[in-house]
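A.B. asks: Handing you a structure now.
Number of protein chains: 2
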Amino acid sequence: MSPAASQAPATLHQQIKADIENRILSGDWRPGHRIPYEHELMRRYKCARMTVNKAIAALVDAGLVVRRRKVGSFVAQPVIQSAVLGIPDIQAEIIARGESYGLKLLSRRIRSPRGEPPEEKILAGKGILLDLKCLHSANNVPFALERRLISLATVPDAATADFTSTPPGTWLLGHVPWTEAQHRITAINADAAIATDLQIKEHDACLVLERWTSRGDEKITFVRQIFPGVTYSLIADFTPKGM
Amino acid sequence: MSPAASQAPATLHQQIKADIENRILSGDWRPGHRIPYEHELMRRYKCARMTVNKAIAALVDAGLVVRRRKVGSFVAQPVIQSAVLGIPDIQAEIIARGESYGLKLLSRRIRSPRGEPPEEKILAGKGILLDLKCLHSANNVPFALERRLISLATVPDAATADFTSTPPGTWLLGHVPWTEAQHRITAINADAAIATDLQIKEHDACLVLERWTSRGDEKITFVRQIFPGVTYSLIADFTPKGM
DNA sequence: CATTCCATTATGTATAGACATAACAAATCA
DNA sequence: TGATTTGTTATGTCTATACATAATGGAATG
């Protein structure tokens, strides 16, 4: 349904969908406005009801339209309050900027969870952890400091992976399918250790991105990435669903 | 497509969709795995091809499946690298926490764009701006400092709205339909002015959320919200599209 | 032996008709 | 008058069928 926008007016139901979408997004049909009956539309486009139905169903999916039986189809209230946040694959991002990517593995340990730092609820008792610390750099300037815990119970292969050349995030993306992730974004003041690693001044503002990733009930990994606040910013784009 | 999850196994194509989805998400069918032919599935579920087709089409939409003509349908590679970020309606958020919401309008001016601060590209030459500064608080503790510019050319009603009781964001959400938004998230050190307004120490880390909102080509508004880093964090949830 | 051509296959789109279902309104009955 | 029934309507789902289209492998041809 997504492949619109380009130059292919393509199929009938896509065209009907696009037509209605335009009316809505142009503000022509305001929220609450009744969309023509399916029978009306099948006459207008000289097609079967299933075709009209498919078009409108897609709009319902996209959240632009609400339908009620016997009553009709209406332009939805725009209660849309969400944006799509790109999850950075740091290596890819740096290379995309045309800068040179550097990775330094600061520490690597295999250990059992200590339990008390809340991140370690990852394993909730079972299995052992791969505990990594690494520094990403762009053009030899520190870019992000990463602390990562990987559940070896869920991802045993990680124990033998080489994280001195491939960043853990990139490796995991290619090896482990995941179904859920939760993110937390905060700002902190750099403490002495962070300041040293990132080559910034102590107390400088940093952006912190924390992510828990899991597949079903199994926790896969936790990351905390610390970016120098001045250098880095996260970008989130929004367009209504389904466009 | 979304209303799954609950207790209604409901319609046939939803059930077929759910079945396949489970196989994929459980890891049973790995990326690249070939999904049974439509004819196979119509025999298995004793239904018409259109029904099977609808189910698989939904999975394609959701990004879980890729189809190629004559070749077949396959479990997609999980290249999914995005999360849904909730855009905070600060008032709603504070009230949802059971705290008392307070709003203080610090300044309000109507002026023409100065042009040089990049935010003001909003108006790109035409029209005048409503320039607001306000402070959100929770239980009388400063929560966020907001700087907002509204294009009066696009939203003339804003000139007469009362922003001493209704926060501009909430007002705009209810009055102006929008189609696009762009966000930028950074960390900064509080300067003297920010520190005073938010009642934190100078140089403390703050989370900055900037958002440009527009409808089609018309720019609607720009906001910069500054949160005390220690107090506040943005949360982004992810589950694969279409679930 | 390479190239062209064709039948086969699986998906992509569309149709027309059928029955189910929810909501509303008008008519009916207590 | 108020509650219940009934009919109508618009959407929801499904079927069976048809033709289009893209990729594939093998056969025919140069």
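Line order of the protein sequences matches chains B and Z.
No gaps in the numbering here: position 112 of the first sequence is 112 in the working numbering, and each next residue is one more.
No gaps in the numbering here: position 236 of the second sequence is 1236 in the working numbering, and each next residue is one more.
Every residue gets a Cβ at the ideal spot worked out from N, C-alpha and C, and that includes glycine.
For clarity, every value in this text was computed on a predicted model and none was experimentally measured.
1) Whole angstroms is fine: what's the gap from Q1007 of chain Z's alpha carbon to I1056 of chain Z's?
2) Does any residue of chain B have a CB that is nearer than 8 Å to the CB of A1187 of chain Z?
3) Assign I16 of chain B to buried or exposed, taking buried as 16 or more other Cβ atoms, counted over all protein chains shown, within 10 Å of its Cβ.
4) Taking its Cβ as the centre, do 16 or more other Cβ atoms sit within 10 Å of P113 of chain B, making it buried, or is it exposed?
5) Identify the continuous alpha helix (DSSP H) that holds R49 of chain B and give its terminal residues.
6) Can you pull the chain Z residues whose beta carbon is under 7 Å from the beta carbon of C47 of chain B, in chain order?
7) What residue range is occupied by the uninterrupted beta strand (DSSP E) comprising R224 of chain B?
8) Enumerated in chain order, which unbroken segments of the alpha helix (DSSP H) with a length of 4 residues or greater are wholly contained in the stretch 1112–1191 of chain Z?
9) Closer than 8 Å, Cβ to Cβ, to anything on chain Z: give me those residues from the stretch 15–40 of chain B, in chain order.
10) To be precise: take each residue of the stretch 194–211 of chain B, compare its Cβ to all Cβ atoms of chain Z, and keep it if any distance is under 7 Å. Which residues remain?
11) Helix or strand or just coil, what does DSSP make of T196 of chain B?
12) I'd like to know whether the C-beta of R1184 of chain Z is nearer than 8 Å to at least one C-beta of chain B.
13) For the beta strand (DSSP E) holding A205 of chain B, just list the boundary residues, first then last.
14) Using a Cβ-Cβ distance under 8 Å, would L234 of chain B count as near chain Z?
15) For A1236 of chain Z, which of helix, strand or coil comes out of DSSP?
16) Tell me whether I24 of chain B is buried or exposed, calling it buried when 16 or more other Cβ atoms sit within 10 Å of its Cβ.
17) Run down chain Z in chain order and give the residues with a C-beta less than 9 Å from the C-beta of G216 of chain B.
18) Is there a Cβ from chain Z that is less than 8 Å from the Cβ of G256 of chain B?
19) Would you mind telling me which residues of chain Z sit closer than 8 Å to G229 of chain B, beta carbon to beta carbon, in chain order?
20) Between the C-alpha atoms of F227 of chain B and T1221 of chain Z, what's the straight-line distance to the nearest angstrom?
21) Who are the near neighbours of H33 of chain B in its chain, counting only those whose CB is closer than 7 Å to its CB and skipping five residues on each side?
22) Go through its chain and collect everything with a Cβ distance to Q14 of chain B's Cβ below 6 Å, but skip five positions before and after it.
23) Taking the alpha-carbon positions, what's the L198 of chain B to I128 of chain B distance?
24) Could you check which residue in Z:N1189, Z:K1070, Z:E1093 and Z:S1151 has the C-alpha nearest to that of H1203 of chain Z?
25) Does R44 of chain B come out as helix, strand or coil in the three-state DSSP assignment?
26) According to DSSP, simplified to helix, strand and coil, what is R34 of chain B?
27) Taking the alpha helix (DSSP H) that R1067 of chain Z belongs to, which residues open and close that run?
28) Could you check which residue in B:L234, B:A192 and B:D217 has the C-alpha nearest to that of E275 of chain B?
29) When you compare only the Cα positions, how much space is there between L1173 of chain Z and P1167 of chain Z?
30) Specify, as a first and last residue, the run of the beta strand (DSSP E) that V1075 of chain Z falls within.
31) As a quick exercise: from B:V71, B:I200 and B:Q77, pick the residue whose alpha carbon is nearest that of A144 of chain B.
32) By the DSSP assignment, the alpha helix (DSSP H) with A1010 of chain Z in it spans what residues?
33) State buried or exposed for E38 of chain B, treating a residue as buried only when at least 16 other CB atoms are found within 10 Å of its CB.
C.D. replies: Straight from the coordinates:
1) Numbered from its first residue, the second sequence carries residue 1007 of chain Z at position 7. Numbered from its first residue, the second sequence carries residue 1056 of chain Z at position 56. Unreliable positioning characterises Q1007 of chain Z in this predicted model, as indicated by a pLDDT of 42, which lies under 50. The coordinate reading is nonetheless provided below. Taking the straight line joining both Cα atoms gives about 21 Å.
2) To locate residue 1187 of chain Z, count along the second sequence from 1; it is residue 187. Yes, its Cβ sits closer than 8 Å to a Cβ of chain B.
3) Locating residue 16 of chain B in the first sequence gives position 16, counting from the first residue. Residue environment for I16 of chain B: buried (at least 16 other C-beta atoms within 10 angstroms of its C-beta).
4) Position 113 of the first sequence, counted from the first residue, corresponds to residue 113 of chain B. Label assigned to P113 of chain B: buried.
5) Position 49 of the first sequence, counted from the start, is the residue given in the question as residue 49 of chain B. Taken as a continuous stretch (DSSP letters only), the alpha helix (DSSP H) holding R49 of chain B covers R49 to D61.
6) The count along the first sequence starts at 1 and reaches residue 47 of chain B at position 47. What C47 of chain B touches in chain Z: nothing, since even the nearest Cβ is about 16 Å away.
7) Numbered from 1 along the first sequence, position 224 holds the residue referred to as residue 224 of chain B. Here the beta strand (DSSP E) through R224 of chain B covers E218 to P228.
8) The alpha helix (DSSP H) runs of length 4 or more contained entirely in the stretch 1112–1191 of chain Z are, from start to end of the chain, 1168–1175.
9) So the close ones are L25, S26, G27, R30 and P31.
10) Of all residues in the stretch 194–211 of chain B, H203, D204, A205, C206 and L207 have a Cβ within less than 7 Å of some Cβ in chain Z.
11) In the first sequence, residue 196 of chain B corresponds to position 196, counting from 1. Three-state DSSP puts T196 of chain B in a helix.
12) The residue labelled residue 1184 of chain Z in the question sits at position 184 within the second sequence. For R1184 of chain Z, the answer is yes, since a Cβ of chain B falls inside 8 Å of its Cβ.
13) As a first step, residue 205 of chain B must be located in the first sequence, where it is residue number 205. Here the beta strand (DSSP E) through A205 of chain B covers A205 to R215.
14) Start at 1 with the first residue of the first sequence, and residue 234 of chain B comes out as number 234. Proximity of L234 of chain B to chain Z, defined by a Cβ-Cβ separation below 8 Å, is satisfied.
15) As a first step, residue 1236 of chain Z is located in the second sequence; it is residue number 236 there, counting from the start. Three-state result, A1236 of chain Z: strand.
16) Here residue 24 of chain B refers to the residue found at position 24 of the first sequence. Per the 10 Å Cβ criterion, buried.
17) The residue you call residue 216 of chain B lines up with position 216 of the first sequence. L1025, S1026 and G1027, listed in chain order.
18) Residue 256 of chain B lies beyond the stretch modelled for chain B, which goes from 1 to 243, so this question has no answer here.
19) In the first sequence, residue 229 of chain B corresponds to position 229, counting from 1. The contacting residues are T1186, A1187, I1188, N1189 and A1205.
20) Taking the first sequence and counting its residues from 1, one reaches residue 227 of chain B at position 227. Taking the second sequence and counting its residues from 1, one reaches residue 1221 of chain Z at position 221. Going from the Cα of F227 of chain B to the Cα of T1221 of chain Z covers about 28 Å.
21) The residue you call residue 33 of chain B lines up with position 33 of the first sequence. Cβ neighbours of H33 of chain B beyond the five flanking positions: F74 and V75.
22) For the purposes of this step, residue 14 of chain B is taken as the residue at position 14 of the first sequence. In its own chain, leaving out the 5 sequence neighbours on each side, no residue places its CB closer than 6 Å to the CB of Q14 of chain B.
23) Within the first sequence, residue 198 of chain B is the residue found at index 198, counting from 1. Within the first sequence, residue 128 of chain B is the residue found at index 128, counting from 1. When rounded, the distance between both Cα atoms is 29 Å.
24) Stepping through the second sequence from its first residue, residue 1203 of chain Z is reached at position 203. Closest option to H1203 of chain Z, judged by alpha-carbon separation, among Z:N1189, Z:K1070, Z:E1093 and Z:S1151: Z:N1189.
25) On the first sequence, residue 44 of chain B is found 44 positions in, with the first residue counted as 1. Helix, per DSSP.
26) For the purposes of this step, residue 34 of chain B is taken as the residue at position 34 of the first sequence. Correct three-state label for R34 of chain B: strand.
27) Residue numbering aside, residue 1067 of chain Z sits at position 67 when the second sequence is read from its first letter. Not the alpha helix (DSSP H): R1067 of chain Z falls in the beta strand (DSSP E), residues V1065 to R1068.
28) Since the first and last residues shown for chain B are 1 and 243, residue 275 of chain B lies out of range.
29) Taking the second sequence and counting its residues from 1, the one referred to as residue 1173 of chain Z is at position 173. Taking the second sequence and counting its residues from 1, the one referred to as residue 1167 of chain Z is at position 167. Take the alpha-carbon of L1173 of chain Z and the one of P1167 of chain Z: they are about 10 Å apart.
30) Within the second sequence, residue 1075 of chain Z is the residue found at index 75, counting from 1. In the DSSP assignment, V1075 of chain Z falls within the beta strand (DSSP E) that extends over G1072 to V1075.
31) Sequence index remark: in the first sequence, residue 144 of chain B carries index 144 (1-based). That would be B:I200, whose Cα lies nearest to the Cα of A144 of chain B.
32) Position 10 of the second sequence holds residue 1010 of chain Z. For A1010 of chain Z, there is no enclosing alpha helix (DSSP H), as DSSP marks it with neither H nor E.
33) Residue numbering aside, residue 38 of chain B sits at position 38 when the first sequence is read from its first letter. Buried is the call here.
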